[in-house]
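>
Protein chains in written order, with the numbering used here: chain A, 1 to 345; chain B, 346 to 690; chain C, 691 to 1035; chain D, 1036 to 1380.
(1) Between residue 265 of chain A and residue 979 of chain C, is the Cβ-Cβ spacing less than 8 Å?
(2) I want to verify the contact list: residues of chain C whose CB lies under 8 Å from the CB of residue 600 of chain B, in sequence order.
(3) Below 7 Å between beta carbons is the criterion; list the residues of the stretch 747 to 780 of chain C that meet it against any residue of chain D, in chain order.
(4) Kindly say whether residue 603 of chain B, judged by its beta-carbon, lies nearer than 8 Å to any beta-carbon of chain C.
(5) Flag residue 844 of chain C as yes if its beta-carbon sits less than 8 Å from any beta-carbon of chain B, otherwise no.
(6) Taking 8 Å as the cut-off, does the stretch 1184 to 1197 of chain D touch the stretch 1113 to 1125 of chain D (at least 3 CB pairs, one atom from each stretch)?
(7) Might you give, ordered along the chain, the residues of its own chain that have their beta carbon closer than 6 Å to the beta carbon of residue 65 of chain A, omitting 5 neighbours on each side?
(8) How big is the Cα-Cα spacing for residue 1161 of chain D and residue 620 of chain B?
(9) Would you say residue 210 of chain A faces chain C, with C-beta separation under 8 Å as the test?
(10) Determine the DSSP secondary structure at residue 1033 of chain C, reduced to helix, strand or coil.
(11) Cβ closer than 9 Å: which chain A residues qualify as neighbours of residue 939 of chain C?
(12) Does DSSP put residue 699 of chain C in a helix, in a strand, or in coil?
(13) For residue 1375 of chain D, go through chain A and note every residue whose CB falls closer than 8 Å to its CB, in chain order.
(14) With DSSP collapsed to three states, give me the class of residue 552 of chain B.
(15) Which residue wins for smallest C-alpha separation from residue 796 of chain C, given the options C/976, C/1033, C/1030?
(16) Shortest alpha-carbon distance to residue 929 of chain C belongs to which of C/698, C/1026, C/913, C/1021?
(17) Assuming residue 1260 of chain D and residue 1303 of chain D make a contact with CB atoms under 8 Å, what is their CB distance in whole Å?
(18) As an exercise, report each continuous alpha helix (DSSP H) stretch of at least 4 residues that is fully enclosed by the stretch 1253 to 1341 of chain D, in chain order.
(19) Is any beta-carbon of chain C found at less than 8 Å from that of residue 289 of chain A?
(20) Using a C-beta cutoff of 8 Å, does residue 1319 of chain D count as contacting chain C?
(21) Taking Cβ-Cβ distances shorter than 9 Å, what residues in chain D pair up with residue 717 of chain C?
(22) I need the straight-line Cα distance from residue 855 of chain C to residue 823 of chain C, nearest angstrom please.
(23) Under the three-state reduction of DSSP, which class applies to residue 484 of chain B: helix, strand or coil?
(24) Can you find a C-beta in chain C that's less than 8 Å from the C-beta of residue 679 of chain B?
(25) Can you give me the start and stop residues for the alpha helix (DSSP H) that residue 48 of chain A sits inside?
(26) Work out the CA separation of residue 243 of chain A and residue 231 of chain A for me, nearest whole Å.
(27) In or out: residue 555 of chain B buried (at least 16 other Cβ within 10 Å) or exposed?
(28) Just checking: is the beta-carbon of residue 577 of chain B within a distance shorter than 8 Å of some beta-carbon in chain C?
(29) Taking the C-alpha atoms as reference points, what is the distance between residue 582 of chain B and residue 1062 of chain D?
(30) For a contact defined as C-beta to C-beta under 7 Å, what are the partners of residue 1021 of chain C on chain B?
(31) Taking 8 Å as the CB-CB limit, is residue 1160 of chain D close to chain C?
(32) Would you please state the rounded distance, in angstroms, between the beta carbons of residue 763 of chain C and residue 688 of chain B? I believe it to be under 8 Å.
(33) Which chain B residues are close to residue 871 of chain C, counting only those with a beta carbon under 7 Å from its beta carbon?
(34) Since residue 128 of chain A and residue 33 of chain A are thought to touch, with beta carbons under 8 Å apart, how far apart are those beta carbons, to the nearest angstrom?
(35) Count the other C-beta atoms from every protein chain shown that fall within 10 angstroms of the C-beta of residue 1382 of chain D, then say buried if there are 16 or more, exposed otherwise.
(36) Helix, strand or coil: how does DSSP classify residue 1037 of chain D here?
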């Protein structure tokens, strides 16, 4: 790094503040209408878009990591992924709190310029849709699909479609979970070609813990973890991936499983923060526009509520929790397996 | 407002996202160095600058309000000011929390590109300096004055200087406090041309409450509130303004004093949030660069600590609290004064 | 206040720390089971109950204020109410954030002692139910009514019932809104005995602003604000109260309406914070117990979601926003009315 | 776990709410003085003490872990410690935010009951002093030592003294760092009995990076990392511990170093959160009592500022950052060492 020869860097040039700070042109100003809060409206949306860009930057790095055909545990890959997803969560926490700034705009103050914005709508944030797609939201699962196509320019529709066609984090995590190296341990797998020795024991322990009224849960258990060579109907995780995710949750104390456990946890945290953001967004919209339609013609808060309820990406991972057994009921791990899960030293 | 004839507004055009989202050009990329975190470094500083722009927008509105030679209480002016300063506080709360995102960048990851940024420094944020100046920080009070001049381009020095030469909020608030209409009430002021009837009583009550050891406080009391026709040495608030601020704090329940009390409170809150921001900034810098000098050559955390301790703008208002008496010791207000402080109905 | 004769106060005695810090007896300890996280489980619930006590303390003060047959605007009553409700919101913000501490308890760690708690459940928090009742939640609106009766001891059922039979804040606010003094202004009311002059004009302006597709909104408008001598079906606010709430929202800049506007705003904020709390609670429960039934036999997250969607107390106030007109379309206020809404001076 | 035979657990009994909710007896009530805010004052301090109890519970677990003469990396010990310290940070975040609730109490409202509390003071919180002592604050480092002894009952002084005489986390972490297993690697250590091969190379690289003006830094470098068989004067970390902490920071990507790195990071975070808490406490005190002396006779905000500046426990770890080299300047690790730092599989 030849420090001496580089041109000195100046703060405002480095940050391209001439672009950033000259990108606010209120519609009300163009019309000669006094609406002092339109500046806030523009600035806060720009701040959101900056953060969305950063989130996409981080997710893209994580996606590339999991897109490798194999990820050796001794590389910093999983560590790096966890680190970046934690950052995504921190950003989303700021995004949630930031909503409080917009809530300082009263409904009446918004009405001063609201009509001038039609039909623009936060709904048209391509980056937000790309974040959802990168995480794993399919077009088919989108709340208000038809409506959404009608609101975007063709080139923007294309960008979202393209993001939807790449392998999402959801898909990549499923594949990565299915490849966990510990399943190759002989004692984990056992002799029987079709059943894992560990899972036979776990299923027995699980069955023991069920009361009469809960016996039907066993069918669900089997449909997720056992009876399948392919993806269970309606699920994004194959049985192998679900079993391994569960194993990670149960034995997260083992060195090799610590980072994978952090990863699963942080993915659920991303979902939760997105949900908190949507929920707070709903409140803000309800307070600002009541039951009116949104500027883009959406049903406003109703639309958002639909999205908030249906756009959980890693839902299936969250649900595995239902099948956890307390530690004192867990099958003892064979020594060779414990060994395989440890550090070298 | 002729809605029909306006060109439809599209989200990404309205927000000028082509500028906002294309203003990130990492130095490391130019050099072909892998430094994935430089994007975060750029984006978060841009987000800060957006917020600083918004804060300046709000402060400018408030400054204009107080720059009027008279502000009648029946106009929405004070209400509007309080509202805008509350928003400034909310933004500063986000700014404080946002620091947590930067703290996800580890010292080692920062070192990957830190040398490439020299001599750029957050110190060169003109907008932040303008915020301080608009609130009331004088050039003479700036920590590290000489240093700061050497770091900015001449045109940036000019912008800050100009902001420093306008009437600051601190100056305007002092004048506004000195003009409070209730001082014209006969019974408040009393017959004596030199002393307010109310303040004679308040001083007596204050004196009664002092223990022997505290008797010297009376001299301070007098130097702030009483013995002066001009500004007490080293103070930004004249005696009249200090007395009226105190009166507002004591009788904030009276209708006419409610908004002025909110205003004084929110000014202290602005100071507190700025201090929290500086404090958190110090921690972040210490964690990221330890005791090294900053990229701009400042002494890093040391410089920030100096600024954090000395840049309180409304310090004198905060200190008035020391002279409050408990309600049961307060002089009773004359009826005509209570009347003057009420609603018409 | 005779300071000298009082017994000196000592921190730990004043706070009764012998009680507070000796009230944690983990069930797991009684059973000789190692479950290090049960302490957290106990402590956080106790912290919640302390805050609930404080919230009830504040709400009770506010309820007493509004239970007065008349509240003169020149008393500190409304100011005091707003102040206390703001504090309630701050407490609820802490309550929401506090959930993040409980989320540090992993599902597996909870399973170590979960079975020992049966059938205890957060559902049995009487104070939380009393908060809901004090605000205005009727027994009939409670999600899972029958279930709830079955879970409480008879004396606890009585406490909640009693709270439900007192005049709630919702009821008291409706009555207070209906009594607003400005409705007595001749020019506000006009000559016609049945119609307010102001509202005739407002209705006209509202009608003008509706597009063809929105014409049906007028029926809703009339059902809420106009066509009624009694409470519109299914509504907690009478037409007079709704009209006055709306008037307050529209002319909040007028001195006499500033505090009432703050009050309406903070009531909505209380609802929002309670909703955020419920929402975050749902996430925490889902993460910790998945889709299992709660320890008390409730359907866990499902129950909470039901409550989160239906327990908005001041919903009708929030909905009024839908009928706001932009400032430039507002009827001009008669001078005598503006006078009535001002300060004396 | 024999579920059937246990007595059913009821929420209010489990949480001992009879104790918790009957431990608030305002002094103002005893005196027949109206002071509605004293309840808040009591409740918030009790909530703090509950959290302090929880923090001590977690720290005690961590202390026990590090008090073991050896901690094998394949046990869940370090994982558990990091997990618990993260929880401590989350609690401290709540503690910081909680200060905002107390800030809703105005100075005047505090004066209604302030004199009744003398000489009680938050200064007398034994648990807080025990937290500081458990982390590693020595009696000698305490700001205002003499003062503090005079304020506590003899039995409370004893409790703090006892906590100060146990091995603190600071001491234990130093010992644990000095025992890191990777130092036994032959290639790390090299042939020379007195110098580590790695550190010879690192020192060379560090020296190369220094400009003329910075050459003196090398002396500091040597005094911390090299020239010592014992503890460098004034330092809590021995050279071995400092070297290993540094090595962990530099190669945190290696599996064996990931958790140790998390641990070091979270210890700094604990310090930062404590500092934020003290800082916000200072503001709250300044706003509430101005420059008066505290109820216990301390100099209020001045005392707190002293403590805030001098009570950093893991300061030396934070300072190591100054000696980090960018990745591209790091000595390459020998293969056998990389192997030693990896997973078995």
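Every residue, glycine too, gets a C-beta built ideally from N, C-alpha and C. Please read these numbers as outputs of a predicted model, since none were measured by experiment.
With the given structure in hand:
(1) No, Cβ-Cβ distance for residue 265 of chain A and residue 979 of chain C is not below 8 Å.
(2) 763, 764, 945, 1033
(3) Hits within the stretch, in order: 747, 751, 776, 777, 780.
(4) yes
(5) no
(6) no
(7) 77, 81
(8) 29 Å
(9) no
(10) strand
(11) Residues of chain A passing the Cβ test: 106, 107, 108.
(12) coil
(13) Near residue 1375 of chain D (Cβ distances below 8 Å), the residues of chain A are 344, 345.
(14) helix
(15) C/976
(16) C/913
(17) With a Cβ gap of about 19 Å, residue 1260 of chain D and residue 1303 of chain D do not count as contacting.
(18) 1274 to 1285, 1290 to 1324
(19) yes
(20) no
(21) 1041, 1044, 1049
(22) 8 Å
(23) helix
(24) no
(25) 38 to 66
(26) 13 Å
(27) exposed
(28) No, no contact with chain C.
(29) Whole-angstrom Cα-Cα distance: 37 Å.
(30) Near residue 1021 of chain C there are no residues of chain B at all, since even the closest Cβ is about 17 Å away, more than 7 Å.
(31) Yes, contact with chain C.
(32) 5 Å
(33) 690
(34) A Cβ-Cβ separation of about 29 Å leaves residue 128 of chain A out of contact with residue 33 of chain A under the 8 Å criterion.
(35) What the structure shows of chain D is the stretch from 1036 to 1380, and residue 1382 of chain D is not part of that stretch, so it cannot be assessed.
(36) With a pLDDT of 43 at residue 1037 of chain D, under the threshold of 50, the predicted position of this residue should be treated as unreliable, and no value is reported.
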